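K.L.:
For the sequence shown, the residue numbers in numbering that gives the first Met the number 0 are 0 to 399.
A virtual CB, placed ideally from N, CA and C, is assigned to each residue, including glycine.
The structure displayed is predicted, hence computed values, not measured ones.
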Amino acid sequence: MTAAENWPQPPRPALHTGLLGEIVSTVEPHTEADPTGLLVDLLVAFGNAVGPGPHFVADAARHPARLFAVLVGDTAKARKGTARAVVRSFVTSADPEWAENRNTNGLSTGEGLIAAVASGDDCRLFVHEPEFARVLRVSGRDGNTLSPVIREAWDTGDLTVLTRGDPLRARGAHMSIIAHITREELRARLTSTETTNGFANRFLWTVVRRSKLLPSGGNLDDETTEELGQKLRGVVSQARRIGRMSRSEAAERLWDDMYRSLAADDPGGLLGSAVSRAEAHLLRLSVAFALADTSAEIRVDHLEAAHGIWQYCRASAGLLFGDRSGDRHADRLLGEVRRSGSKGLNRTEMLDLFHRNLTSHQVKALANSLVEKGHAEWVEGTSTGGRPARYLRSRYERTN
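(1) Could you tell me the alpha carbon to alpha carbon distance between Pro12 and Gly340, rounded to whole angstroms?
(2) Please state whether DSSP places Arg397 in a helix, a strand or coil.
(3) Taking the beta strand (DSSP E) that Gly271 belongs to, which residues open and close that run?
(4) Out of Leu37, His29, Pro7, which one is the CA nearest neighbour of His15?
(5) Taking just the CA atoms, how far does His29 sit from Thr81?
(6) Count the other CB atoms, across all protein chains shown, that sit within 10 Å of the CB of Leu145; report buried if there are 16 or more and exposed otherwise.
(7) Have a look at Leu189, Arg101, Thr181 and flag the residue whose alpha-carbon is nearest the alpha-carbon of Arg140.
(8) Please say whether Leu333 and Ala375 have beta carbons closer to each other than 9 Å?
(9) Over what stretch of residues does the alpha helix (DSSP H) that includes Gln254 continue unbroken?
(10) In angstroms, rounded to a whole number, what distance separates the CA positions of Leu219 and Glu96?
(11) Determine the DSSP secondary structure at Arg11, reduced to helix, strand or coil.
(12) Using three-state DSSP, classify Ile308 as helix, strand or coil.
(13) Taking the runs of the beta strand (DSSP E) that are 3 residues or longer, which of them lie wholly in the stretch 5 to 67?
(14) With DSSP run on the structure shown, which of helix, strand or coil describes Arg355?
(15) Considering only C-alpha positions, which residue in the set Ala364, Gly317, Ser359, Arg389 is nearest to Gly343?
(16) Output needed for Val160: all residues of its chain with C-beta closer than 7 Å, excluding positions within five of it in sequence on either side, in chain order.
(17) Which partner residues of Arg392 appear in the DSSP bridge assignment?
(18) Give me the DSSP bridge partner(s) of Thr159.
(19) State the DSSP-derived secondary structure class of Arg140, mapped to helix, strand or coil.
(20) Note down, in chain order, each residue of its chain lying with its Cβ closer than 6 Å to the Cβ of Ala287, except the 5 sequence neighbours on either side.
(21) Any chance the stretch 261 to 269 sits against the stretch 206 to 225, with 3 or more Cβ pairs inside 8 Å?
(22) With burial defined as no fewer than 16 other Cβ atoms inside 10 Å of the residue's Cβ, what is the status of Val420: buried or exposed?
(23) Using alpha carbons as the reference points, say which of Arg338, Leu357, His306 lies closest to Arg328.
(24) Among the candidates Gln361, Arg355, Glu348, whose CA atom is the shortest distance from the CA of Arg392?
(25) Quick check on the burial criterion: 16 or more other C-beta atoms within 10 angstroms. Buried or exposed for Glu251?
(26) Could you give the DSSP three-state label for Glu303: helix, strand or coil?
(27) Among the candidates Arg87, Asp121, Arg150, whose CA atom is the shortest distance from the CA of His127?
(28) Apply the 10 Å Cβ neighbour rule to Ser138 and answer buried if 16 or more other Cβ atoms are within range, or exposed otherwise.
(29) Thinking Phe202 and Val69 are a contact (beta carbons under 8 Å), I'd like their distance in whole angstroms, please.
(30) Taking Leu185 as part of the alpha helix (DSSP H), name the residues at either end of that continuous run.
(31) Alpha carbon to alpha carbon, what distance is there between Ala48 and Asp120?
(32) Could you pull out every residue in the same chain whose Cβ sits closer than 6 Å to the Cβ of Arg298, ignoring the five residues on either side in sequence?
(33) Which word fits Ala3, buried or exposed, when buried means at least 16 other C-beta atoms lie within 10 angstroms of its C-beta?
(34) Between which two residues does the beta strand (DSSP E) containing Glu128 stretch?
(35) Where DSSP assigns a beta bridge to Val116, which residues make up the other side?
(36) Pop quiz: Ile241 and Ala305 are said to be a contact at Cβ under 8 Å. What is the actual Cβ separation, rounded to whole angstroms?
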């Protein structure tokens, strides 16, 4: 991230809400992991461990605490894997059998996911994907079934692959995904197709960074870890007994306000596509926070905590997708303009970028669209006789 960009404000109420907040607050001084990344990872894992039984019904659709999230590091040293290791230690204490048998690493094909979730009588599957860039690469290949199966897994859990003589099916799967990628990898790999076809909007996009430097590591004692793990074990056990959930009257009024605000948030472009399931994400997050309190009723504090997480993820998506139009040519030009630094690109360089497959008029229209959106500006070069050359330069360079 550049200094000119606004990093999302930490979702402070959520970081201190209930047992999950207590775990994050206890761990935070002893790890370099981003506390928001810790909480999001914990929410995803907790929701999977509890299972599909507790749920809220909206528009005839069941919404359990089934969450998908991508932790996007500002650099390769954002300590995304550190967050996963910390969370795993707690959920392993809470449910050792689930941690041993219903956790898997890596996403490759839709067939592989269906086979993994269909094995045995337990419908739960927690997937950790440390190389999400690879997922984006393979999901774009012709015939790869990963993207549609992931979308089905988030929606209903009824998974089907019909591209074979004996179709693979799994009904009622309760799958949760936590994935890792750097911002640079994301920008290079995520296509407009994956964003607009609904793949991207199933995920909570969460930017993370190293929170501090601990040269000697943390000093969280085993006794504290075990104590919190046992608390979590009790909560998971009680939460599983909950069925259909409801909201308190006060939470219903707050939900109405939040829902209307989210419905009005339509930024367009790739960002608009990436955040278009805001209401469903907020609902599922509120279910998770209520379950962490072993409550069948979603209260105001649960909804406020959920909203804080969503706001952070919405702001993260703004950083990641806000300057991408969905037009691959415009996005490519903007990327090259930024790489050119303070020098910018002249007309010939822009034409060469597209190997002269676009006309001069088309390239000029792309450049002007970036200027109109505030991403770039035209600057006059030094005249060497005749008309001065014009360069297209990133607006960020003007302020640095």
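P.N.:
From the atom records:
(1) 39 Å
(2) Confidence at Arg397 is low in this model, with a pLDDT of 48, below 50, so its placement is unreliable and no value can be given for it.
(3) Not the beta strand (DSSP E): Gly271 falls in the alpha helix (DSSP H), residues 268 to 273.
(4) Leu37
(5) 11 Å
(6) buried
(7) Leu189
(8) Going by beta carbons, Ala375 and Leu333 fall inside the 9 Å limit.
(9) Residue identity check: residue 254 is Trp in the sequence provided, not Gln. Segment 248 to 263, the alpha helix (DSSP H) holding Trp254.
(10) 24 Å
(11) helix
(12) helix
(13) 55 to 57, 60 to 62
(14) Arg355: coil per DSSP, three-state reduction.
(15) Arg389
(16) Gly109, Glu110, Ile113, Thr144, Val148, Pro166, Leu167
(17) Glu376
(18) Arg168
(19) Residue state, collapsed to three classes: coil.
(20) Leu42, Gly46, Ala64
(21) no
(22) Since the first residue shown for the chain is 0 and the last is 399, residue 420 is missing from the structure and cannot be characterised.
(23) Residue identity check: residue 328 is His in the sequence provided, not Arg. Among Arg338, Leu357, His306, the Cα nearest to that of His328 belongs to Leu357.
(24) Glu348
(25) exposed
(26) helix
(27) Arg87
(28) Buried, since its Cβ has 16 or more Cβ neighbours within 10 Å.
(29) 5 Å
(30) 182 to 188
(31) 15 Å
(32) Ser247, Ala250
(33) Unreliable placement is indicated for Ala3, whose pLDDT of 42 sits below 50; the coordinate value is still reported in the next sentence. It is exposed - the Cβ of Ala3 has fewer than 16 other Cβ atoms within 10 Å.
(34) 123 to 128
(35) Partner(s): none; Val116 has no beta bridge.
(36) Actually they are not in contact, since the Cβ atoms of Ile241 and Ala305 sit about 17 Å apart, beyond 8 Å.
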